[in-house]
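Chemist: In terms of this note's numbering, the sequence shown has 99 at position 14, counting the first letter as 1, and numbering is strictly consecutive.
First the structure, which I've put down as structure tokens, then a few questions once you've had a look.
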Amino acid sequence: MVELIIKKRNGLELSKEELKSIIDGFVSGDIPDYQVSAFLMAVFFEGMNSDETANLTDIMMRSGELIDLSEIKGVKVDKHSTGGVGDKTTLVLAPLVAAAGVPVAKMSGRGLGHTGGTLDKMESIKGLSVDMTREEFIDNIKKHNIAVCGQNANLVPADKKLYALRDVTGTVDNISLIASSIMSKKLACGADAIVIDIKVGQGAFMKTVKDAEELAGMIIGIGSKMNRKVIAVITSMSEPLGFAIGNALEVKESIDTLKGNGPQDLTELCLELGSNMLVLGKIAKTKSEAVEILKKLISSGAAFNKFKELVKAQGGDVSVIDNPELLPDTQFSETYKSKNEGYISELNALDIGLASVKLGAGRETKASIIDYGAGIVLKKKIGDYVNKDEVLATLYSNDQLNFQKANEFMDLAYKITKEKPLLKPLILKTIS
Ligand code: URA
């Protein structure tokens, strides 16, 4: 191991056998954390080329169980987001593309840090379970064309251990390590094709479009080496997506979007990602044809009905979906008002995400218990003109003591200027 650390530290390429000995030794416990930490830091500074990254992905993917979806007919298209604030896309996109005929076998994660997780959002629906056996998962997809579940403990154990170590050794934001982490999980889940939403901005891992393009290139390269089609969509995360941040609040906004009454940015993103999924899934020949199909599924109610079918199949109370006021709410709410007059030129997604965590919507540690009703509903977004003391957002929590801590982050999130800011597009680039 010492020789391999030194080899990478000196900027040399590691062979597949060498990478395999590191990963296998780490997973089995034979190689200690301190040596793997040194190796990760060497990778962080010296990087890995596309062959090394593809080899690492393959080794990580095979470190645990592989899900075989071959008994499900059709092209299985998965979707992944590198994570953001207010990103409830899966809740809209999964039923939408399932209604169009793409089988959706979705393994999702939980929120950690300032970003939310699909599983926590789904669990804010009374009775709904995301725990299922592999047989139940496949059975649900066969019956309903859709299932959303938590990640199996045996799936890519190498990523679980590596990610936990990267998190505490300052080695998360390396493009090869991120690409292999994401792709090993997507490939182990049995996807034939993948659409990746790479977020850029203050609330995201990638801070610049250049870095996001590099990550996209790396991910697409891994896909092509593994015979999988991948489309990467680079999207802005300089402000939260939609208006709602927090689990039940985001479910409500997703229901509105599935009914055609959602926020413009969330709807636009779902149509962009969904149309790529339909083309990859061979449901549509072109993206514009796919967009028309998706819009019809929204206006006819088919996408909303598919969401209800998903909730019912996973034990959730469907009356909550018909009456979103039955979703968990909070005992207390407070408005957050503008301190100045002018245009909102910054609405920092990271700070808004941290404010929502302080209100109880997220986890500060893995063991934290989530308050499903807690969160923030924004009233204004970047480019809006506001008066002094005008309400910018409403904050929700079941603990009155949380508001002060959340307000400190709200104060950091906003920048109000005299000049109207240049509005940046949400969809920055699609690369395939
Ligand atoms: N998401 C992942 O799954 N892995 C990373 O390394 C970063 C984002």
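Each residue gets a CB set at the ideal place from its N, CA and C atoms; glycine is no exception.
Whose CA, out of 469, 322, 478 and 292, lies closest to the CA of residue 420?
Modeler: Per the Cα distances, 478.
Chemist: Rank 499, 111 and 408 by C-alpha distance to the C-alpha of residue 425 and give the top, closest one.
Modeler: Among 499, 111 and 408, the Cα nearest to that of residue 425 belongs to 499.
Chemist: Given the structure, does residue 144 come close to ligand 1, in the sense that its CB is under 7 Å from one of the ligand's heavy atoms?
Modeler: No.
Chemist: Can you find a heavy atom of ligand 1 that lies under 7 Å from the Cβ of residue 331?
Modeler: Checking the Cβ of residue 331 against ligand 1 gives no.
Chemist: With respect to the alpha helix (DSSP H) encompassing residue 136, which residues constitute its N-terminal and C-terminal limits?
Modeler: Here the alpha helix (DSSP H) through residue 136 covers 135 to 146.
Chemist: What does residue 165 pair with, by DSSP beta-bridge criteria?
Modeler: Beta-bridge pairing links residue 165 to 281.
Chemist: Let me check one thing: in DSSP terms, what residues is residue 460 bridge-paired to?
Modeler: Partner(s): 481.
Chemist: At a cut-off of 7 Å, is residue 30 close to ligand 1 when judged by its beta-carbon and the heavy atoms of the ligand?
Modeler: This structure cannot settle anything about residue 30, because the visible part of the chain is limited to 86 through 517.
Chemist: So the beta strand (DSSP E) residue 417 belongs to, where does it begin and stop?
Modeler: That run of the beta strand (DSSP E) goes 417 to 422.
Chemist: What number of angstroms, rounded off, separates the C-alpha of residue 512 from the C-alpha of residue 450?
Modeler: Roughly 32 Å between the two C-alpha positions.
Chemist: Checking the sheet assignment: what are the DSSP bridge partners for residue 192?
Modeler: In DSSP, residue 192 forms a bridge with 234.
Chemist: Considering only residues of the same chain and omitting the five flanking positions on each side of residue 350, which have a CB-CB separation below 7 Å?
Modeler: Same-chain partners within the cutoff: 326, 327 and 511.
Chemist: Between which two residues does the beta strand (DSSP E) carrying residue 427 extend?
Modeler: Looking at the DSSP string, the run of the beta strand (DSSP E) that includes residue 427 is 427 to 432.
Chemist: Which residues in the same chain have their Cβ closer than 6 Å to the Cβ of residue 470, if we skip the five residues on either side of it in sequence?
Modeler: Only 428 meet the Cβ criterion.
Chemist: May I ask you to verify whether the region 249 to 264 touches the region 129 to 141, counting CB pairs closer than 8 Å and requiring at least 3?
Modeler: At 8 Å Cβ cutoff, the stretches touch.
Chemist: Does the region 223 to 237 come close enough to the region 145 to 158 that 3 or more CB-CB pairs lie under 8 Å?
Modeler: Yes: the two stretches touch, three or more of their Cβ pairs being nearer than 8 Å.
Chemist: Alpha carbon to alpha carbon, how far is residue 295 from residue 265?
Modeler: In a straight line, the C-alpha of residue 295 is about 19 Å away from that of residue 265.
Chemist: For residue 168, which residues in the same chain have their Cβ closer than 8 Å to its Cβ, ignoring the five residues on either side in sequence?
Modeler: Correct list, in chain order: 200, 284, 289 and 290.
Chemist: What does the shell around ligand 1 hold, if a residue joins when its beta-carbon is under 5 Å from any heavy atom?
Modeler: Residues flagged by the Cβ proximity filter: 263, 266 and 267.
Chemist: Do residue 315 and residue 279 come within 8 Å of each other at the CB atom, strictly closer than that value?
Modeler: For residue 279 and residue 315, yes; Cβs fall inside 8 Å.
Chemist: On the three-state DSSP scale, how would you describe residue 158?
Modeler: Note: residue 158 maps to coil in three-state DSSP.
Chemist: So, are the CB atoms of residue 181 and residue 491 less than 8 Å apart?
Modeler: In this structure, residue 491 does not lie closer than 8 Å to residue 181 by Cβ.
Chemist: Measure the C-alpha to C-alpha separation of residue 185 and residue 111 and round it to an integer number of angstroms.
Modeler: Rounded to the nearest angstrom, the two C-alpha atoms are 42 Å apart.
Chemist: Would you mind stating whether residue 433 and residue 287 have Cβ atoms separated by less than 8 Å?
Modeler: It is a contact, given that the beta carbons lie within the stated cut-off.
Chemist: Output the residue ranges of the alpha helix (DSSP H) runs that lie fully inside the region 283 to 313 and measure 4 residues or longer, sorted by chain position.
Modeler: Complete alpha helix (DSSP H) runs here, min 4: 294 to 310.
Chemist: Is the distance from the Cβ of residue 269 to the Cβ of residue 192 below 8 Å?
Modeler: The answer is no: Cβ separation not under 8 Å.
Chemist: Do three or more CB pairs link the region 389 to 396 to the region 350 to 364 at distances below 8 Å?
Modeler: Verdict: no, contact absent.
Chemist: Among 322, 162, 147 and 213, which one has its Cα closest to the Cα of residue 241?
Modeler: Residue 241 has its Cα closest to that of 147, out of 322, 162, 147 and 213.
Chemist: On the three-pair Cβ rule with 8 Å, is the region 397 to 404 touching the region 309 to 324?
Modeler: In short, these stretches do not touch, since the Cβ pair count stays below three.
Chemist: Who are the near neighbours of residue 106 in its chain, counting only those whose CB is closer than 7 Å to its CB and skipping five residues on each side?
Modeler: Contacts found: none.
Chemist: Does DSSP put residue 256 in a helix, a strand or coil?
Modeler: Residue state, collapsed to three classes: coil.
Chemist: Beta-carbon separation of residue 418 and residue 480 under 8 Å?
Modeler: Taking 8 Å as the Cβ cut-off, residue 418 and residue 480 qualify as a contacting pair.
Chemist: Quick check on this structure: which residue in 218, 215 and 143 has the alpha carbon closest to the alpha carbon of residue 307?
Modeler: Looking at the Cα atoms, 143 is the closest of the given residues.
Chemist: Taking residue 515 as part of the beta strand (DSSP E), name the residues at either end of that continuous run.
Modeler: Here the beta strand (DSSP E) through residue 515 covers 512 to 516.
Chemist: By alpha-carbon positions, which one of 93, 300 and 256 ends up nearest to residue 166?
Modeler: The shortest Cα separation from residue 166 among 93, 300 and 256 belongs to 300.
Chemist: By DSSP's criteria, residue 112 is part of a beta bridge. Which residues make up the other side?
Modeler: DSSP, once it has assigned bridges, lists no residue as partnering residue 112.
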